[in-house]
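*Asks:*
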Amino acid sequence: MRRALPLLLLLSCARREDREQARPPAGEVWLSRQQLDSQQMRIEVIDEQQIASTLDEPGRIAFDDLRVAHVFAPVPGRIVRIDAAPGQQVRKGDPLLEIESPDVGAAFADLGKAEADLAAAERELKRQQELVEAQAAAQRELDQAQNAYGRARAELARARRRAELFRVRGLEGVTQRFSLRSPIDGEVIARAANPGTDVQGQLSGGAAPELFTIGSLDSVWAFADVYEVDLARVKPGAPVQVKVIAYPDRSFPGRIEWISSTLDPVTRTARLRCTLGNPDRALLPEMYATVSIAAPARKALVVPRSAVLHVGDERVVFVQAGTTENGLLRFQRRRVLLEESEGDLVPVKSGLQAGEAVVISGALLLSGML
Numbered sequence: 005m006r007r008a009l010p011l012l013l014l015l016s017c018a019r020r021e022d023r024e025q026a027r028p029p030a031g032e033v034w035l036s037r038q039q040l041d042s043q044q045m046r047i048e049v050i051d052e053q054q055i056a057s058t059l060d061e062p063g064r065i066a067f068d069d070l071r072v073a074h075v076f077a078p079v080p081g082r083i084v085r086i087d088a089a090p091g092q093q094v095r096k097g098d099p100l101l102e103i104e105s106p107d108v109g110a111a112f113a114d115l116g117k118a119e120a121d122l123a124a125a126e127r128e129l130k131r132q133q134e135l136v137e138a139q140a141a142a143q144r145e146l147d148q149a150q151n152a153y154g155r156a157r158a159e160l161a162r163a164r165r166r167a168e169l170f171r172v173r174g175l176e177g178v179t180q181r182f183s184l185r186s187p188i189d190g191e192v193i194a195r196a197a198n199p200g201t202d203v204q205g206q207l208s209g210g211a212a213p214e215l216f217t218i219g220s221l222d223s224v225w226a227f228a229d230v231y232e233v234d235l236a237r238v239k240p241g242a243p244v245q246v247k248v249i250a251y252p253d254r255s256f257p258g259r260i261e262w263i264s265s266t267l268d269p270v271t272r273t274a275r276l277r278c279t280l281g282n283p284d285r286a287l288l289p290e291m292y293a294t295v296s297i298a299a300p301a302r303k304a305l306v307v308p309r310s311a312v313l314h315v316g317d318e319r320v321v322f323v324q325a326g327t328t329e330n331g332l333l334r335f336q337r338r339r340v341l342l343e344e345s346e347g348d349l350v351p352v353k354s355g356l357q358a359g360e361a362v363v364i365s366g367a368l369l370l371s372g373m374l
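And the structure:
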């Protein structure tokens, strides 16, 4: 009896050890083949496939800079009349508003003074030349007259350029009234001017506010930022589809026209620009958008969407990982990183390898067994 007791204890420990080893580790489920068949679970080996890829990038709508003009007052003064309202169609040269500005009168007064100074300098130069020829004046005095004449010519050219700024915009005669005119054909998209308002001028060095936005919304731009890792998949000329929150059932087609040659050092993205037709003016500047870029087909490891489970903030699949010593099938829960995709096959970034067998039907049942 004493000899049998140690043997019984040894057998008992062995059975307890076998029972402990028979438990699946965390994140793993064991099933017999009969259980697998009875639950009608399906397993599929995954591999790389050629897929048509699409990049969805956040973006925004903006004015087409080739079709818009931001109008500022060149001189300071007070707005005395408004000639254009938002929504109004204007032609190049049409008046937008009128400003009463002392700088306008001063510009023409400077021009008159510069013309008179040049005439006086020219007369003095001729006089000094005659005196030098008659040996009645020193060469130094002639040099001084020549320098004065050169300065007078330069001052007249400056005064003429300044006065011409006002003449081009429709100024007639010497007056303190200045007519601000449209630089392009288009629609008055925005106006930030009211009668009686004092404004600063660009030519005076002040912080001049934008008074009018003139342009056409028949064509707009869409900007998007593409991550560095995706740049090889994006080419100029690639087609895009743009969606905005205001019209969730519409897509606005366009093509990539420009990709920045520099990266943002913080976000590691490059900016791209697309041109979109907007004949019904549904797209407005500063709308948030989603820019879907059709990238070239590529080879990627994919997994059926039916195999993917959402567990909290993670996405997981169950992978068949061989059998146990007793012949049970082992299924491991595997965390995966996937690309965004709307198709039945989802590209895999990490977590799976080609040739692995994943559960494509019945994964939810396995998750409930953990």
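Per the numbering used here, the sequence shown starts with residue 5, numbered consecutively.
Just so it is clear, CB atoms sit at the ideal spot from N, CA and C, and this is done for glycine as well.
Fair warning: this is a prediction, and the values are worked out from it, not measured in the lab.
(1) For L228, which residues of its own chain have a beta-carbon under 6 Å away from its beta-carbon, when the five flanking residues on both sides are left out?
(2) Since I believe L59 is in contact with L333 (beta carbons under 8 Å), could you give me their beta-carbon distance rounded to a whole number of angstroms?
(3) Taking the CB atoms as reference points, tell me whether P199 and R85 lie closer together than 8 Å.
(4) How far does the alpha helix (DSSP H) with Q39 in it reach, from first residue to last?
(5) Grouping DSSP H, G and I as helix and E and B as strand, with all else coil, what is P106?
(6) DSSP three-state label for D234, please.
(7) Please classify P80 as buried or exposed, where buried requires at least 16 other C-beta atoms within 10 Å of its C-beta.
(8) Just to confirm my understanding: we take E232, look at its own chain, exclude 5 residues before and 5 after, and list those with CB closer than 8 Å. What are they?
(9) Might you give, ordered along the chain, the residues of its own chain that have their beta carbon closer than 8 Å to the beta carbon of F335, omitting 5 neighbours on each side?
(10) Please check the pair A286 and S57, which I expect to be a contact at CB under 8 Å, by giving their CB distance rounded to whole angstroms.
(11) Can you find at least 3 beta carbon pairs, one from the stretch 124-131 and one from the stretch 107-116, that sit closer than 8 Å?
(12) Thinking C-beta only, is G205 closer than 8 Å to A73?
(13) What do you get for W225, buried or exposed, if any count of 16 or more other CB atoms within 10 angstroms of its CB means buried?
(14) With a 10 Å radius around its C-beta and 16 neighbouring C-beta atoms as the bar for buried, classify R185 as buried or exposed.
(15) Beta carbon of A77, beta carbon of V203: below 8 Å?
(16) Going by beta carbon distance, what residues of the same chain come within less than 7 Å of I249, once the five residues before and after it are set aside?
(17) Going by the beta-carbon positions, is the gap between G376 and V49 smaller than 8 Å?
(18) What residue ranges within the stretch 55-130 form continuous beta strand (DSSP E) runs of no fewer than 3 residues, ordered along the chain?
(19) Could you please give the first and the last residue of the uninterrupted beta strand (DSSP E) stretch that includes G372?
(20) In whole angstroms, what separates the C-alpha of L101 from that of R166?
(21) With DSSP as the reference, label G281 as helix, strand or coil.
(22) For my contact list, V312 and C278 are in at a C-beta cut-off of 8 Å; report their separation, rounded to the angstrom.
(23) Under the rule that 16 or more other beta-carbon atoms within 10 Å means buried, what is V315, buried or exposed?
(24) Alpha carbon to alpha carbon, how far is I297 from P243? Give it in angstroms, no decimals.
(25) Report all residues from its chain with a CB closer than 8 Å to the CB of D121; omit the five preceding and five following residues, and keep chain order.
(26) To the nearest angstrom, report how far apart V253 and D284 are at their CA atoms.
(27) I need the straight-line Cα distance from G355 to A301, nearest angstrom please.
(28) Let me know the secondary structure DSSP gives S265 once reduced to three states.
(29) Within 7 Å: the Cβ of A142 and any heavy atom of the ligand FMN?
(30) To the nearest angstrom, how far is the alpha carbon of P106 from that of Q180?
(31) Under three-state DSSP, which class holds E4?
(32) Where does V136 fall in DSSP's three states?
(33) Report, in whole angstroms, the separation of the C-beta atoms of A196 and L215, which I expect to be a contact under 8 Å.
(34) Return the CA-CA distance between E168 and S255, expressed in angstroms with no decimal places.
(35) Under DSSP, the beta strand (DSSP E) around K353 begins and ends at which residues?
(36) For the beta strand (DSSP E) that contains R302, what are its first and last residues?
*Replies:* On the basis of the supplied data:
(1) Working through the sequence shown from its first residue, we reach residue 228 at position 224. Correcting the residue type first, residue 228 is Ala in the shown sequence and not Leu. E61, G63, L276, V295.
(2) Here the question's residue 333 lines up with position 329 in the sequence shown. Here the question's residue 59 lines up with position 55 in the sequence shown. Their Cβ separation, rounded to whole angstroms, is 39 Å, which puts L333 and L59 out of contact at 8 Å.
(3) Residue numbering aside, residue 199 sits at position 195 when the sequence shown is read from its first letter. Residue numbering aside, residue 85 sits at position 81 when the sequence shown is read from its first letter. Yes. Within cutoff.
(4) By one-based count along the sequence shown, residue 39 stands at place 35. Here the alpha helix (DSSP H) through Q39 covers 37-42.
(5) The count along the sequence shown starts at 1 and reaches residue 106 at position 102. Annotated three-state conformation of P106 is helix, per DSSP.
(6) Indexing the sequence shown from 1 puts residue 234 at position 230. Here D234 sits in helix by DSSP.
(7) Mapped onto the sequence shown, residue 80 falls at position 76. Burial call: buried.
(8) Taking the first residue of the sequence shown as position 1, residue 232 is located at position 228. Closer than 8 Å at the Cβ level, and outside the excluded window around E232, lie L267, R272, T273, A274.
(9) As a first step, residue 335 must be located in the sequence shown, where it is residue number 331. Short of 8 Å from the beta carbon of F335, and not among the five residues preceding or following it, lie these beta carbons of its own chain, in chain order: E32, V33, W34, L35, F322, V323, Q324, A325, V363, L370.
(10) Looking up residue 286 in the sequence shown gives position 282. Looking up residue 57 in the sequence shown gives position 53. About 28 Å separates the two Cβ atoms, so there is no contact after all.
(11) no
(12) If you number the sequence shown from 1, residue 73 lands on position 69. If you number the sequence shown from 1, residue 205 lands on position 201. Contact: no.
(13) Walking along the sequence shown from the start, residue 225 turns up at place 221. It is buried - the Cβ of W225 has at least 16 other Cβ atoms within 10 Å.
(14) The count along the sequence shown starts at 1 and reaches residue 185 at position 181. R185 is buried by the Cβ-count criterion.
(15) Position 73 of the sequence shown, counting from 1, holds the residue named residue 77. Position 199 of the sequence shown, counting from 1, holds the residue named residue 203. It is a contact, given that the beta carbons lie within the stated cut-off.
(16) Translated into the one-based positions of the sequence shown, residue 249 becomes position 245. Around I249: Y292.
(17) What is shown of the chain runs 5 to 374, which leaves residue 376 out entirely.
(18) 58-67, 72-76, 81-86, 99-104
(19) Reading the sequence shown from its first residue, position 368 is the one you call residue 372. Note, G372: premise wrong, no beta strand (DSSP E); alpha helix (DSSP H) at 367-373.
(20) By 1-based counting over the sequence shown, the position of residue 101 is 97. By 1-based counting over the sequence shown, the position of residue 166 is 162. So the two alpha carbons sit approximately 20 Å from each other.
(21) For the purposes of this step, residue 281 is taken as residue 277 along the sequence shown, with counting starting at 1. It is a strand residue.
(22) Counting from one through the sequence shown, the residue named residue 312 turns up at place 308. Counting from one through the sequence shown, the residue named residue 278 turns up at place 274. Contact flag wrong, Cβ pair sits at about 32 Å.
(23) The residue you call residue 315 lines up with position 311 of the sequence shown. Answer is exposed; the Cβ neighbour count stays below 16.
(24) Position 239 of the sequence shown, counted from the first residue, corresponds to residue 243. Position 293 of the sequence shown, counted from the first residue, corresponds to residue 297. Whole-angstrom Cα-Cα distance: 6 Å.
(25) Here residue 121 corresponds to residue number 117 of the sequence shown, with the count starting at 1. Excluding sequence neighbours, D121 sits near A156, E159, L160.
(26) The residue labelled residue 253 in the question sits at position 249 within the sequence shown. The residue labelled residue 284 in the question sits at position 280 within the sequence shown. Per the sequence shown, residue 253 should be read as Asp rather than Val. Going by the C-alpha atoms only, they are around 16 Å apart.
(27) Your numbering for residue 355 matches position 351 in the sequence shown. Your numbering for residue 301 matches position 297 in the sequence shown. A301 has its alpha-carbon roughly 22 Å from the corresponding atom of G355.
(28) Here residue 265 is taken as the residue at index 261 of the sequence shown, counted from 1. If DSSP states are grouped into helix, strand and coil, S265 belongs with coil.
(29) Of ligands this structure carries none, so the ligand FMN is not represented either.
(30) Your numbering for residue 106 matches position 102 in the sequence shown. Your numbering for residue 180 matches position 176 in the sequence shown. Cα-Cα distance, rounded: 6 Å.
(31) Residue 4 lies beyond the residue range present for the chain, which begins at 5 and ends at 374; the question has no answer from this structure.
(32) Taking the sequence shown and counting its residues from 1, one reaches residue 136 at position 132. Residue state, collapsed to three classes: helix.
(33) As a first step, residue 196 must be located in the sequence shown, where it is residue number 192. As a first step, residue 215 must be located in the sequence shown, where it is residue number 211. Indeed they touch by this definition, with Cβ atoms about 6 Å apart.
(34) Counting from 1 along the sequence shown, the entry for residue 168 is found at position 164. Counting from 1 along the sequence shown, the entry for residue 255 is found at position 251. C-alpha separation (whole angstroms): 48 Å.
(35) Walking along the sequence shown from the start, residue 353 turns up at place 349. Segment 349-354, the beta strand (DSSP E) holding K353.
(36) By one-based count along the sequence shown, residue 302 stands at place 298. Residues 302-308.
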